[in-house]
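A.B. asks: One structure, pasted below without further comment.
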Amino acid sequence: MDADLGRECNPTLPVGWAFELRLHRDTAGDFIGTGLLRLRGVDMCYLTLASLDNERAEALRRIKSRVETWLDEWHSR
């Protein structure tokens, strides 16, 4: 998966975790994409990211929030 992270999307990742992102625009002009969270090279979660925003910076901020929320939930289990 291609990395498409900007400085706005720099999720805080625990040691051993990596995040990859691929973004594009839908027909309405909003950013959508897919993300992949890996733990020490093992795929842990594929994220389908829809209805983010039509501004790249805001879309990346929303992705950061979703990734960090997922990680918080995963670590609470």
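Quick note: to get the working numbering, add 1214 to the position in the sequence shown (first position is 1). For glycine and all other residues, C-beta sits at the position ideal for the given N, C-alpha and C. These numbers come from a predicted model, not from an experiment.
By the three-class DSSP mapping on this structure, what secondary structure does residue 1270 have?
C.D. replies: Residue mapping note: residue 1270 aligns to position 56 of the sequence shown, counting from 1. Helix, per DSSP.
A.B. asks: Using CA coordinates, which residue listed in 1230, 1271, 1284, 1289 is at the minimum distance from residue 1256?
C.D. replies: For the purposes of this step, residue 1256 is taken as residue 42 along the sequence shown, with counting starting at 1. Closest by alpha carbon: 1230.
A.B. asks: Between the alpha carbons of residue 1266 and residue 1235, how many angstroms are there, rounded?
C.D. replies: Counted from its first residue, the sequence shown places residue 1266 at position 52. Counted from its first residue, the sequence shown places residue 1235 at position 21. Roughly 13 Å separates the two Cα atoms.
A.B. asks: Along the beta strand (DSSP E) that carries residue 1253, what are the first and last residues, could you check?
C.D. replies: Looking up residue 1253 in the sequence shown gives position 39. 1245-1253 is the span of the beta strand (DSSP E), which, as asked, contains residue 1253.
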